[in-house]
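This note's numbering runs 41 ahead of the 1-based position in the sequence shown.
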Amino acid sequence: MTATPVPSAAGIHAPLRHAVGDYIVTALSDGHDDLGPPLLVDADGATPPGADRPLRVEVNAFLIQGRGRTVLVDTGAGHFMAPTLNRLAGGLHRLGVTPSAIDTVLLTHLHPDHAGGLVDAAGAAVFDVAEIRVHARELGFWDSDEQLGRAPAPMRPAFHAARAALAPYRARVAPFEGGDLLPGIVPVPLFGHTPGHCGFLIDGGGSHQLLIWGDIVHRLAEQIADPDIGVAYDTDGAAARIARRALCDRIAADALPFTGMHVPFPQIGTLTRAGSGFAFRRAPASAGFQETTS
42 MTATPVPSAA
52 GIHAPLRHAV
62 GDYIVTALSD
72 GHDDLGPPLL
82 VDADGATPPG
92 ADRPLRVEVN
102 AFLIQGRGRT
112 VLVDTGAGHF
122 MAPTLNRLAG
132 GLHRLGVTPS
142 AIDTVLLTHL
152 HPDHAGGLVD
162 AAGAAVFDVA
172 EIRVHARELG
182 FWDSDEQLGR
192 APAPMRPAFH
202 AARAALAPYR
212 ARVAPFEGGD
222 LLPGIVPVPL
232 FGHTPGHCGF
242 LIDGGGSHQL
252 LIWGDIVHRL
262 AEQIADPDIG
272 VAYDTDGAAA
282 RIARRALCDR
292 IAADALPFTG
302 MHVPFPQIGT
312 LTRAGSGFAF
322 RRAPASAGFQ
332 ETTS
């Protein structure tokens, strides 16, 4: 692969590519949001030391190209959230990828910073041919009027946002429960943050793998050191803690490379055990995301 810079707009991360066997995975920044407390919460629901202030959370998405497919994993926030977000379209434009070139959108879950970019400010579909894949449990939860009625008032806008994001795609939504979604792309159930939250394991052939782990963490350093620290947005905090620790155990045991939607852009790494938690080991420059073109 020949190193060539990808043009960047001022203040916005440039898209960066990474080879995973037969696939090229490109990290795309949608921007960031500074979230006030309580964001991080411990197992007792208390704010951990040092987390009683606004904390910056980056929002990423990932483009997967190869084997005749062009796949987008999550879509950023679109017009649903802070003005420091909604940068994904610019990243795709700089890559020369039009929305109509994307044949599949994989959604880790339906929170607005992951699914909001499905629609424009008028509520029209951004991706005119893509099939939308989301876990059946996730779709069922946000579509449920019973769940909406039970939800606390601060959570109800998320229901409306999820429904608005999916509205123009209903004929193209294909829920999944397991099995390969595409050749070499497998969902990894990580329920807890939301009822159907998933990561996606990319197997490009041989030993070339990359896990996109969704929202297992929102703040890498704090939550890897202590996987019992969750976020106030977890639908089921206990289940999210179990999923986070189990996945960290797997990554450490298998030396599995991972990245994610809230991992500081655009890091790939693995985990090592450190006391009762874990430490992040960033992939060397030669094995991480690169300003390259195939």
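Think of the CB as a built atom: it goes at the ideal place given N, C-alpha and C, for glycine as much as any other residue. As the structure is a computational prediction, the values presented were derived from the model and not from experiment.
Check	Outcome
Do the CB positions of Ala118 and Val138 come within less than 8 Å of each other?	no
Exposed or buried, what is Ala177 when buried is set at 16 or more other beta-carbons lying within 10 Å of its beta-carbon?	exposed
Just curious, the alpha helix (DSSP H) that Phe321 is in, first and last residue?	Here Phe321 belongs to no alpha helix (DSSP H); instead the beta strand (DSSP E) covers 318–323.
For a test of the three-state rule: what should DSSP assign to Ser185, helix, strand or coil?	coil
For the 8 Å Cβ check, are there 3 or more pairs between the region 67–83 and the region 228–237?	no
Look at the Cβ atom of Val114, then the Cβ atom of Ala102, and state whether they are nearer than 8 Å.	yes
Do the CB positions of His234 and Ala194 come within less than 8 Å of each other?	no
Please work out which residues of its chain come closer than 6 Å, Cβ to Cβ, to Ala296, disregarding the five sequence neighbours upstream and downstream, and give them in chain order.	Thr311
Which value, in whole angstroms, describes the spacing of the CA atoms of Ala60 and Val66?	6 Å
Under three-state DSSP, which class holds Tyr210?	helix
For Arg128, does the three-state DSSP call read helix, strand or coil?	coil
Is it true that the CB of Phe182 sits closer than 8 Å to the CB of Pro124?	no
Determine, using beta carbons only, whether Thr67 comes closer than 8 Å to chain C.	The structure shown contains no chain C, having only a single protein chain.
Would you identify the three-state DSSP class for Ser70, choosing helix, strand or coil?	strand
As a quick exercise: from Pro224, Ala202, Cys239, pick the residue whose alpha carbon is nearest that of Pro216.	Cys239
For His249, which of helix, strand or coil comes out of DSSP?	strand
Expressed to the nearest angstrom, what Euclidean distance is found between the alpha-carbon atoms of Ser335 and Gly157?	Confidence in Ser335 is poor, its pLDDT being 41 and thus under 50, which makes the residue's placement unreliable; the coordinate value appears in the next sentence. Ser335 and Gly157: Cα-Cα distance of roughly 30 Å.
Could you tell me the distance, in whole angstroms, from the CA atom of Ile243 to the CA atom of His155?	19 Å
Measuring alpha carbon to alpha carbon, tell me which residue in Arg58, Asp186, Gly72 is nearest Pro305.	Gly72
Per DSSP, Glu99 is paired with what?	His73
Would you kindly work out how many angstroms separate the C-alpha atoms of Gly62 and Ile292, rounded to a whole number?	19 Å
Are the beta-carbon atoms of Leu104 and Leu69 separated by less than 8 Å?	yes
Here's a check: name, in chain order, each residue in its chain whose Cβ is nearer than 7 Å to the Cβ of Asp267, leaving out the five neighbours to either side.	Gly318
Check the C-beta distance from Asp256 over to His303 and give it rounded, since I have them as a contact under 8 Å.	6 Å
In its own chain, which residues sit with a C-beta less than 7 Å from the C-beta of Pro78, not counting the 5 before and 5 after it?	Thr88, Ala92, Asp93, Arg94
So, is Gly245 buried or exposed, given that buried needs 16 or more other C-beta atoms within 10 angstroms?	buried
Tell me whether the beta-carbon of Pro224 lies closer than 8 Å to the beta-carbon of Arg108.	yes
Going by beta carbon distance, what residues of the same chain come within less than 7 Å of Thr145, once the five residues before and after it are set aside?	Arg110, Val112, Ala171, Glu172, Arg174, Leu223
Thinking just about the alpha-carbon of each residue, which of Gln188, Glu218, Phe241 is nearest to the one in Ile253?	Phe241
DSSP on Asp290, reduced to helix/strand/coil?	helix
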